[in-house]
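A.B. asks: Before I ask anything, here is the structure I am working with.
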């Protein structure tokens, strides 16, 4: 019950913040979200509150896992840590991408096909259940040169 109450409290705070940012825009993420317009529609305060709950809950585990993997990888690969330290601003984006590729903090995701399609000569019908294994995709030799190597300079 305490968790549900905390979620509702957070949602209420975000809804209040959304109303404030609509009235008094700033250069921040909340203003960007409340002023975003897609096909003539923007998020309601309630939708924004729900979106923040999703960010807090869904983003927590993957972010924590990616940070833990980065500590491990840069400890086991001091040459990569040195490359990053040489030019942190210029290399941090690529380093983050490589940590996520190499460590795959999200292991799998289940999806349902919404239309018929073909993928690598495999027929997929609308309604088929699919499991996407990120670790496997991130080690695909057709996509990545030397996929077992941790390389923050990877193209």
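Residue numbers (my numbering): 518 to 672. For every residue, glycine included, the Cβ atom is placed at its ideal position computed from N, Cα and C.
1. If we ignore side chains and look at the alpha-carbon of each, how far apart do residue 592 and residue 619 end up?
2. In the structure shown, what three-state DSSP assignment does residue 627 receive?
3. Considering only residues of the same chain and omitting the five flanking positions on each side of residue 669, which have a CB-CB separation below 7 Å?
4. If distances are taken between C-alpha atoms only, which option among 563, 624, 565 comes closest to residue 654?
5. Please state if the CB of residue 547 and the CB of residue 560 are separated by a distance shorter than 7 Å.
6. Please report the distance separating the alpha-carbon of residue 632 from that of residue 638.
7. Less than 7 Å between the beta carbons of residue 565 and residue 531, yes or no?
8. Less than 8 Å between the CB atoms is what I'm expecting for residue 536 and residue 562, so what's the real figure, rounded?
9. Nearest CA to the CA of residue 528: which residue from 570, 554, 662?
10. Could you tell me the distance, in whole angstroms, from the CA atom of residue 644 to the CA atom of residue 595?
C.D. replies: Here's the rundown:
1. 14 Å
2. strand
3. 597, 600, 601, 608, 611, 612, 615
4. 624
5. no
6. 16 Å
7. It is a contact, given that the beta carbons lie within the stated cut-off.
8. 6 Å
9. 570
10. 46 Å
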